[in-house]
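>
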Amino acid sequence: MMSNTTKDNPKAVPAVKAIQVHKAFGDLHVLKGVDMTVEPGSVTVILGPSGSGKSTLLRLINQLETLTGGEIDVDGEMIGYKYVEKNGQRVLQTLNDKEVAAQRAKLGMVFQRFNLFPHMTALENVMEAPVHVQHMGKQEAKELAIHELERVGLGERLDYYPSQLSGGQQQRVAIARALAMKPEIMLFDEPTSALDPELVGEVLNVMLGLARDGMTMIVVTHEIGFAREVADQIVFMDGGVVVEQGGPEIIDNPTEPRFKDFLQHVL
Amino acid sequence: MMSNTTKDNPKAVPAVKAIQVHKAFGDLHVLKGVDMTVEPGSVTVILGPSGSGKSTLLRLINQLETLTGGEIDVDGEMIGYKYVEKNGQRVLQTLNDKEVAAQRAKLGMVFQRFNLFPHMTALENVMEAPVHVQHMGKQEAKELAIHELERVGLGERLDYYPSQLSGGQQQRVAIARALAMKPEIMLFDEPTSALDPELVGEVLNVMLGLARDGMTMIVVTHEIGFAREVADQIVFMDGGVVVEQGGPEIIDNPTEPRFKDFLQHVL
Amino acid sequence: MANKQVDGENLDIPNRIKALPVRRTGPVVAAIVVALFAAMLVQGLITNPRFEWHIVWKYLFNENVLEGIKYTLLLTVISMAIAIVLAVLLAIMRKSINPVLRGVSWFYIWFFRGTPVYTQLVFWGLFAVLVPRIGIGIPFTSVEFWSIDSQSVITAFNAAWLGLALNEAAYLAEIVRAGLEAVDPGQTEAAKALGMKRTLIMRRIILPQAMRIIIPPTGNEFIGMLKTTSLVNAVPFTLELQFATTAISTRLYKPIPLLIVACIWYLVITSILMVIQSRLEKHFGKGFDARPIGARGKRTPLPGKTAGEPKDDVNKHNEAVFTGMTA
Amino acid sequence: MANKQVDGENLDIPNRIKALPVRRTGPVVAAIVVALFAAMLVQGLITNPRFEWHIVWKYLFNENVLEGIKYTLLLTVISMAIAIVLAVLLAIMRKSINPVLRGVSWFYIWFFRGTPVYTQLVFWGLFAVLVPRIGIGIPFTSVEFWSIDSQSVITAFNAAWLGLALNEAAYLAEIVRAGLEAVDPGQTEAAKALGMKRTLIMRRIILPQAMRIIIPPTGNEFIGMLKTTSLVNAVPFTLELQFATTAISTRLYKPIPLLIVACIWYLVITSILMVIQSRLEKHFGKGFDARPIGARGKRTPLPGKTAGEPKDDVNKHNEAVFTGMTA
Amino acid sequence: ACGTTDTADSGSGDSKTATTGYDVSSIAKDDELAKLVEGNTVKSGELSVGMELSYAPAEFLAEDGKTPTGYDVDLSKAIGKVLGLKTKIVSSMFDTIVPSVGTKYDLGITAMTITKERMDSVDFVSYYRAGSTWTVQKGNPKKIDSSDLCGNKIAVQTGTVQEDEANKIAKQCKADGKKNAEVVSYKRQAEAATAVATGKADTFYADSPVAGYAIAQTDGLEALGKDVGVVKEGIAIQKGNTKMDAAVQKAVQKLMDDGTYMKILKHWGVESGALDKAEVNPTDLD
Ligand SMILES: Nc1ncnc2c1ncn2[C@@H]1O[C@H](COP(=O)(O)OP(=O)(O)OP(=O)(O)O)[C@@H](O)[C@H]1O
Ligand SMILES: Nc1ncnc2c1ncn2[C@@H]1O[C@H](COP(=O)(O)OP(=O)(O)OP(=O)(O)O)[C@@H](O)[C@H]1O
Ligand SMILES: [Mg+2]
Ligand SMILES: [Mg+2]
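Going down the list, the sequences are from chains A, B, C, D and E. Quick note: the first sequence uses the numbering used here, first residue 17, plus one each step. Quick note: the second sequence uses the numbering used here, first residue 17, plus one each step. Quick note: the third sequence uses the numbering used here, first residue 69, plus one each step. Quick note: the fourth sequence uses the numbering used here, first residue 69, plus one each step. Quick note: the fifth sequence uses the numbering used here, first residue 7, plus one each step.
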């Protein structure tokens with residue numbers, strides 16, 4: 017909706033592009049050919065009933081699961097695999113740990129259950145990756161971390177352990193932690209659904225701010241109000257396929273009956 | 017609202033009566049003189065922000081915490097204590113384990129996190145108390161348990177372990193388990209807040225059914241819609257005191273500014 | 069984990085990815101080195117003449133050795149059984165509101181963990197010497213209602229299991245305590261709310277769930293106990309396995325082959341115990357390891373596990389963490 | 069817990085309840101019985117002439133005994149340190165995708181748990197005999213690049229700690245594995261999402277959290293090891309505490325007082341270890357036992373703990389369960 | 007069906023000396039001596055003797071793994087006969103024998119060497135004189151010289167007088183500034199013997215009878231020179247129990263006088279250590 021520098025430029029490489037993505041767990045076919053394109057600087061909200069594969073899709077993008085079929089490109093680069101020569105043929109090869117980590121560095125992810133490191137303070141949580149992954153100096157990392165924590169409104173809680181913070185505060189630390197890696201794309205998997213109704217607002221506000229700043233975001237959520245206000249693109253999934261897709265207006269005018277039905281339940 | 021056999025009769029003993037209830041944890045004064053009366057057959061919904069002491073009040077009623085000051089009567093009988101003679105004086109004495117258990121038998125409680133016994137199937141969960149507390153025959157208890165599980169719509173899931181059930185199903189088993197003890201009063205502490213939005217409906221429906229059947233209920237919840245539809249009495253708590261109290265109509269016409277403010281956040 | 073099937077191999081996935089695995093030299097080299105070591109070890113064991121395999125073979129089924137096994141097992145089982153009961157009591161006492169009971173439990177654990185079991189066994193062996201008669205009477209006076217010669221009660225066998233059990237109970241008590249504490253407190257509350265009394269809650273709700281956590285370290289202890297029984301020659305109780313083989317070796321002056329005989333039997337029994345342990349773990353794991361059936365909504369976290377994202381499961385986690393960690 | 073203050077005693081609560089506690093005869097009777105037993109025990113200990121306290125006192129600070137303590141501690145610390153490192157490796161190998169490593173780890177744990185440490189120590193003592201030279205070369209051929217006389221490498225002291233460490237590692241490996249598995253898998257995912265690599269995740273995220281769970285049973289093992297060191301006379305290494313006191317007692321024919329000397333020292337060391345353990349538990353518990361500050365919203369569950377109702381805390385639970393359970 | 011006892015094939019290779027005891031059934035009771043022990047053991051009619059049964063050929067377990075046998079066992083039985091009592095052997099750990107003498111059992115006979123220090127704890131009746139033997143690999147390939155052991159490894163059994171002596175030698179080497187003599191102390195004689203046979207230690211030092219047995223049982227060992235450092239061994243009796251002291255002393259003396267004593271020692275091939283006088287708490291200890 018707002019401040020989209022690149023998405024009006026049709027030639028820009030999509031931030032994330034999923035092409036006929038399949039995912040199976042054992043014999044359970046969870047994603048059955050999902051296509052999705054996320055433009056840089058845009059906000060995509062994924063809706064869908066429980067078990068429809070929303071989380072699985074996000075996790076595939078961040079390589080927490082391995083693809084069974086299809087391809088996902090981030091920033092125009094195929095993730096998880098590369099082509100190598102073998103016996104004169106071009107074949108796919110799985111990336112190694114280091115290459116995977118490099119690709120993940122472009123993506124920040126925020127989980128439903130926060131997953132803060134309980135043995136570190138808020139500040140240490142945010143400093144962890146800059147110091148140990150990007151090998152930034154301690155002092156510099158500390159300044160960065162303080163900056164990010166202030167950005168999410170937690171400048172006063174630097175030395176608190178996660179167990180001393182409320183849910184909303186914890187989720188904001190998690191966001192700061194992801195932001196400290198300067199990702200190009202942020203992935204949110206139901207970031208507010210483990211929170212008390214009153215605390216949801218805190219986190220949604222931070223996300224709103226990010227969207228305004230032009231961050232590319234993919235958000236799985238049940239907060240329809242948020243979707244309506246912030247999303248550039250709505251993707252409705254059910255049974256492992258994308259059922260309906262479009263601008264935020266489709267929330268109020270769903271065409272597919274399944275989507276209609278879903279919206280009735282959630283609203 | 018509906019089918020209240022006794023509450024129109026002013027002479028009936030209240031199902032639950034809290035008189036100037038105080039509760040402190042160490043130096044933290046959590047409840048600061050709460051008064052509340054619950055008529056038999058009525059539904060009371062307690063609202064309030066996090067930390068206001070709602071759960072503490074419910075837990076006091078069910079003797080999961082000990083009172084610091086004041087008195088709570090269930091069915092006209094003081095809970096937790098009895099008067100005894102000592103040196104010619106009437107003094108309070110703490111009840112023993114057996115007496116406490118007897119008083120608790122009148123109350124059924126459903127927790128936010130279900131707290132099913134994970135090593136027992138749904139059926140065994142429901143049979144546990146009838147068999148081992150009420151010493152009912154195994155066969156009889158089984159029939160009763162099946163009946164209660166069918167009542168909450170889980171006749172097909174008797175032999176599933178909790179870990180094999182969805183959240184909504186688990187919460188319904190928890191309700192069946194509480195009902196199997198034939199309690200006079202049911203206490204619900206945020207029974208739906210650990211559930212996915214879509215599954216909330218299942219549980220609220222079961223609760224609605226109970227209310228229709230004339231069960232006395234005290235419900236802590238953030239589901240304003242449910243409160244509006246089912247409640248006979250709304251109690252709004254904040255900072256350990258009852259701030260506003262009245263019929264369901266007060267939701268739409270709050271008088272206290274704090275209640276107004278709260279409703280804005282939650283709606 | 070490693071030899072699990074390929075995901076979706078029976079499904080029709082049009083654009084299935086077939087990729088070469090990433091090349092990991094680390095684990096391969098490590099595996100080769102380790103395998104070589106193992107091979108050398110086995111070769112050394114078989115070909116080294118010092119081991120005198122013919123003597124090992126000859127005495128493997130010697131009747132004294134077989135009787136030794138019987139008594140070793142008997143001692144292990146009896147003393148572990150008693151130790152477990154005692155340990156549960158101690159663990160509960162340790163948390164009692166009664167300061168005397170709490171103190172006694174603390175002292176017991178401190179004392180019995182703090183002194184060597186060998187010394188304890190020596191004292192039990194000398195019990196009849198130190199305390200010639202056991203009686204019931206009024207303490208610190210000479211009034212006695214009933215008494216018995218301790219030599220006839222504290223026989224060598226009784227002293228042996230008594231000493232082992234009392235010592236083991238102290239170690240197990242800590243394990244039991246950890247197990248009880250690991251059960252979700254919500255379970256107690258739910259049970260209380262159902263009107264269950266404390267002993268009933270402990271028996272029906274807490275203990276069965278704690279078992280899951282208690283069993284693996286108890287398996288360790290059980291296997292340890294098997295070997296600890298050999299210390300009962302301090303009592304002296306002289307019918308268990310280690311003593312039986314040592315007696316033969318002092319007569320023959322062939323310690324090495326007879327140590328091997330004992331080793332083989334201990335290994336056999338340990339293997340059986342490990343099988344039993346995994347059976348027990350399965351039994352007490354019921355309801356915990358079941359996979360969700362049908363559509364899965366948000367699952368309640370299992371006791372002792374954080375909720376996590378719904379798709380996290382421990383196995384996957386391990387795979388994630390450990391895959392290639394060995395590189 | 070039991071001696072905690074009364075709730076709200078500093079607050080102004082107008083209608084405070086002052087009630088007589090419920091009468092519990094059970095625990096009181098139990099406490100009296102147990103206290104009597106303890107008193108009788110102490111009386112027996114002090115007055116029994118067999119204990120010969122003057123000899124205990126005389127040899128308590130004997131220089132051989134003091135040297136024995138030094139070596140006992142040295143052996144305990146060295147072998148535990150090595151065992152811990154090895155155990156972590158074994159625990160990780162146990163979950164490797166590489167079947168050889170997995171197999172080797174399984175075999176190691178099976179073998180070293182399955183055979184008595186005494187026997188293992190005997191073999192380490194005989195190592196120089198069984199394998200006269202240690203060398204690097206091509207296995208199964210006579211090509212050798214470098215070799216050394218094993219007698220000069222595997223001295224009695226080295227054989228002693230080596231044997232103890234290798235055996236202990238097998239037991240600890242199971243403990244470490246349980247600890248690693250208990251860490252919330254969400255932690256690994258979060259760390260991965262931050263771009264951390266597997267070794268880094270293990271080192272910075274998993275291990276520090278697993279320590280909380282690993283430390284208590286490792287404390288048990290540490291205290292056990294203290295006493296197990298006395299078995300190194302199988303090597304034979306003969307400078308540790310138990311050997312030192314036994315040597316004196318065979319010279320004097322006064323076994324009991326010298327056993328007591330050893331006991332006293334073991335108890336002292338155990339006590340120190342217990343203090344260290346509780347310090348460590350506190351250190352690795354940081355962030356886990358902190359109480360929420362200010363307004364508490366819904367708290368995330370701690371790793372390894374179910375969310376439960378917000379007001380559940382473990383201490384309260386214990387109190388609830390254990391209060392009066394001892395009746 | 008798969009059980010094996012080696013009684014069937016004893017003598018066929020593994021055991022090279024006798025493992026069955028001397029027949030003491032013909033020894034007659036001495037009423038006068040029997041009276042002396044009346045206060046002590048007459049109640050049970052048993053003479054109970056504590057032994058650690060891992061010291062062949064003095065006391066150890068026969069092939070069946072249960073029957074105690076050895077020259078100490080036979081002597082105990084003979085003493086019992088003279089006193090008109092049935093002898094009961096109680097298996098014990100060395101550590102517990104001394105405190106138990108006088109309560110758990112009447113006597114401790116387990117090849118105990120008499121020393122002044124030990125006489126503070128118990129009374130002794132001397133009954134045997136054991137020398138010590140240095141044992142080396144057959145042919146003495148390492149050219150061990152028992153008069154100069156500096157630089158060698160000496161294997162001994164824990165708690166024996168030989169251990170003390172070996173330690174003294176080691177100390178002396180140090181004091182003289184020569185190469186160190188290393189004393190390795192094993193829990194069991196068999197392990198010490200094995201250490202020498204396998205070359206882990208250079209020589210092993212033990213009571214002569216024990217060394218003799220070890221040489222007979224183990225391939226590749228031989229005695230080095232003559233027995234040295236002769237010391238007396240004694241029967242341990244509760245300190246101050248003079249009646250018992252006298253009874254045992256007289257009984258042993260009687261057996262010595264009538265030749266039974268010698269027959270028993272000959273049966274076990276250990277007659278070189280025979281005494282001709284049994285004394286209570288002897289003052290000359292070698
Ligand atoms: N690791 C796994 N192993 C097996 N099945 C899995 C795994 N992860 C997810 N699934 C299954 O895949 C399906 C889709 O799961 P996913 O978590 O992606 O759904 P979702 O849309 O995020 O649902 P929710 O709203 O409940 O989070 C579900 O049926 C789930 O049971
Ligand atoms: N066992 C306890 N020990 C100490 N403080 C406690 C305990 N239980 C509750 N509290 C405190 O009491 C206050 C009220 O808690 P309570 O759980 O009753 O609030 P609530 O209204 O139910 O809030 P929520 O909506 O978060 O469940 C909180 O500040 C809480 O921290
Ligand atoms: Mg999801
Ligand atoms: Mg609450």
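Where is the CB? At the ideal position from N, CA and C, for every residue including glycine. Model, not experiment: these values are computed from the prediction.
Under the assumption that Ser182 (chain A) contacts Leu139 (chain A) (Cβ atoms under 8 Å), give the Cβ distance between them as a whole number of angstroms.
Translated into positions along the first sequence, residue 182 (chain A) becomes position 166. Translated into positions along the first sequence, residue 139 (chain A) becomes position 123. Contact flag wrong, Cβ pair sits at about 17 Å.
> Does at least one heavy atom of ligand 4 sit under 7 Å from the Cβ of Glu81 (chain B)?
On the second sequence, residue 81 (chain B) is found 65 positions in, with the first residue counted as 1. For ligand 4, not one heavy atom lies less than 7 Å from the Cβ of Glu81 (chain B).
> Give a yes or no on whether 8 Å exceeds the smallest Cβ distance from Thr306 (chain D) to chain E.
One-based indexing of the fourth sequence puts residue 306 (chain D) at position 238. So yes, Thr306 (chain D) belongs to the interface.
> Alpha carbon to alpha carbon, how far is Lys206 (chain E) from Val190 (chain E)?
For the purposes of this step, residue 206 (chain E) is taken as residue 200 along the fifth sequence, with counting starting at 1. For the purposes of this step, residue 190 (chain E) is taken as residue 184 along the fifth sequence, with counting starting at 1. Distance between the alpha carbons of Lys206 (chain E) and Val190 (chain E): 10 Å.
> Considering only heavy atoms of ligand 2, does any lie closer than 7 Å to the CB of Ser71 (chain B)?
Translated into positions along the second sequence, residue 71 (chain B) becomes position 55. Checking every heavy atom of ligand 2 against the Cβ of Ser71 (chain B), one is found closer than 7 Å.
> So is the beta-carbon of Val282 (chain A) under 7 Å away from any non-hydrogen atom of ligand 1?
Here residue 282 (chain A) refers to the residue found at position 266 when the first sequence is read from its first residue. False, no ligand heavy atom lies under 7 Å from that Cβ.
> Please list the terminal residues of the continuous beta strand (DSSP E) segment that includes Gln180 (chain B).
By one-based count along the second sequence, residue 180 (chain B) stands at place 164. Segment: none, Gln180 (chain B) is in no beta strand (DSSP E) and carries neither H nor E.
> Mind checking whether the beta-carbon of Asp252 (chain D) lies closer than 7 Å to any heavy atom of ligand 3?
Against the fourth sequence, residue 252 (chain D) aligns to sequence position 184. Flag unset: Cβ of Asp252 (chain D) not near ligand 3.
> Using three-state DSSP, classify Pro65 (chain B) as helix, strand or coil.
As a working note, residue 65 (chain B) is residue 49 in the second sequence. In the structure shown, Pro65 (chain B) sits in coil (DSSP, three-state: anything other than H, G, I, E or B).
> At a CB-CB cut-off below 7 Å, which residues of chain A make contact with Ala87 (chain C)?
By one-based count along the third sequence, residue 87 (chain C) stands at place 19. By Cβ distance, chain A contributes Tyr97, Leu108, Gln109, Thr110.
> If we ignore side chains and look at the alpha-carbon of each, how far apart do Gln255 (chain E) and Gln244 (chain E) end up?
Here residue 255 (chain E) refers to the residue found at position 249 of the fifth sequence. Here residue 244 (chain E) refers to the residue found at position 238 of the fifth sequence. Distance between the alpha carbons of Gln255 (chain E) and Gln244 (chain E): 14 Å.
> Write down the C-beta distance between Leu189 (chain D) and Leu299 (chain D) rounded to the nearest angstrom, noting that I regard them as a contact closer than 8 Å.
As a first step, residue 189 (chain D) must be located in the fourth sequence, where it is residue number 121. As a first step, residue 299 (chain D) must be located in the fourth sequence, where it is residue number 231. About 6 Å; that satisfies the 8 Å criterion.
> The alpha helix (DSSP H) that contains Val221 (chain D), what's its start and end?
Your numbering for residue 221 (chain D) matches position 153 in the fourth sequence. Start and end: 218-221.
> Is Gly362 (chain D) buried or exposed, if buried means 16 or more other CB atoms sit within 10 Å of its CB?
In the fourth sequence, counting from the first residue as 1, residue 362 (chain D) sits at position 294. With a pLDDT of 31 at Gly362 (chain D), under the threshold of 50, the modelled position of this residue cannot be trusted; read the value that follows with caution. Result: exposed.
> With DSSP collapsed to three states, give me the class of Pro89 (chain D).
Translated into positions along the fourth sequence, residue 89 (chain D) becomes position 21. In this structure, Pro89 (chain D) counts as coil in the three-state DSSP scheme.
> In three-state DSSP terms, what is Arg173 (chain B)?
Position 157 of the second sequence holds residue 173 (chain B). Note: Arg173 (chain B) maps to coil in three-state DSSP.
> Please list, in chain order, the residues of the stretch 307-338 of chain C that have any C-beta partner in chain E closer than 8 Å.
Taking 8 Å as the Cβ-Cβ cut-off against chain E, the residues of the stretch 307-338 of chain C that qualify are Ala312, Thr314, Ala315, Ile316, Ser317, Thr318, Arg319, Leu320, Tyr321, Lys322, Pro323, Ile324.
> Which residues of chain A have a Cβ atom closer than 8 Å to the Cβ of Val282 (chain B), listed in chain order?
Taking the first residue of the second sequence as 1, we reach residue 282 (chain B) at position 266. Residues of chain A passing the Cβ test: Pro213, Glu214.
> What I want to know is whether the C-beta of Phe41 (chain B) ends up closer than 7 Å to one or more non-hydrogen atoms of ligand 2.
Within the second sequence, numbered from 1, the residue matching residue 41 (chain B) stands at position 25. Result yes, Cβ under 7 Å from ligand 2.
> Rank B:Lys33, B:Leu44, B:Glu101 by C-alpha distance to the C-alpha of Met52 (chain B) and give the top, closest one.
Walking along the second sequence from the start, residue 52 (chain B) turns up at place 36. For Met52 (chain B), the nearest C-alpha among the options comes from B:Lys33.
> Identify the continuous beta strand (DSSP E) that holds Leu44 (chain A) and give its terminal residues.
Working through the first sequence from its first residue, we reach residue 44 (chain A) at position 28. Looking at the DSSP string, the run of the beta strand (DSSP E) that includes Leu44 (chain A) is 44-54.
> Got a sec: does ligand 4 put a non-hydrogen atom nearer than 7 Å to the Cβ of Val236 (chain B)?
Reading the second sequence from its first residue, position 220 is the one you call residue 236 (chain B). Result yes, Cβ under 7 Å from ligand 4.
> Is Asp212 (chain B) near ligand 3, going by C-beta to nearest heavy atom under 7 Å?
For the purposes of this step, residue 212 (chain B) is taken as residue 196 along the second sequence, with counting starting at 1. Outside the cutoff, so no.
> Taking Cβ positions, are Thr313 (chain D) and Leu326 (chain D) nearer each other than 8 Å?
Stepping through the fourth sequence from its first residue, residue 313 (chain D) is reached at position 245. Stepping through the fourth sequence from its first residue, residue 326 (chain D) is reached at position 258. Cβ atoms of Thr313 (chain D) and Leu326 (chain D): closer than 8 Å.
> Find the residues of chain D that neighbour Met202 (chain A), judging by a C-beta separation of less than 8 Å, and give them in chain order.
The residue you call residue 202 (chain A) lines up with position 186 of the first sequence. Simply none; closest approach about 11 Å.
> With Gln128 (chain B) and Pro207 (chain B) assumed to form a contact (beta carbons below 8 Å), what rounded beta-carbon distance in angstroms separates them?
Numbered from 1 along the second sequence, position 112 holds the residue referred to as residue 128 (chain B). Numbered from 1 along the second sequence, position 191 holds the residue referred to as residue 207 (chain B). Confirmed, about 7 Å.
> Tell me whether His351 (chain D) is buried or exposed, calling it buried when 16 or more other Cβ atoms sit within 10 Å of its Cβ.
Residue 351 (chain D) sits at position 283 when you count from the first residue of the fourth sequence. Exposed: under 16 other Cβ atoms inside 10 Å.
> Closer than 8 Å by beta-carbon distance: list the chain E residues that pair up with Ala250 (chain C), in chain order.
Sequence index remark: in the third sequence, residue 250 (chain C) carries index 182 (1-based). Correct list: empty, because the minimum Cβ distance to chain E is about 41 Å.
> Any heavy atom of ligand 3 within a distance shorter than 7 Å of the CB on Glu257 (chain D)?
Residue mapping note: residue 257 (chain D) aligns to position 189 of the fourth sequence, counting from 1. For ligand 3, not one heavy atom lies less than 7 Å from the Cβ of Glu257 (chain D).
> Which chain C residues are close to Ile291 (chain D), counting only those with a beta carbon under 8 Å from its beta carbon?
Here residue 291 (chain D) refers to the residue found at position 223 when the fourth sequence is read from its first residue. Simply Arg181, Gly182.
> Between which residues of its own chain and Thr338 (chain D) is the CB-CB distance below 8 Å, once the five residues before and five after are set aside?
To locate residue 338 (chain D), count along the fourth sequence from 1; it is residue 270. So the list reads Ile291, Leu294, once near-sequence residues are dropped.
> Answer with yes or no whether the minimum CB distance from Phe390 (chain D) to chain B is below 8 Å.
As a first step, residue 390 (chain D) must be located in the fourth sequence, where it is residue number 322. The predicted position of Phe390 (chain D) is uncertain, since its pLDDT is 29 and thus under 50; a value taken from the coordinates is nonetheless stated next. For Phe390 (chain D), the answer is no, since every Cβ of chain B falls outside 8 Å of its Cβ.
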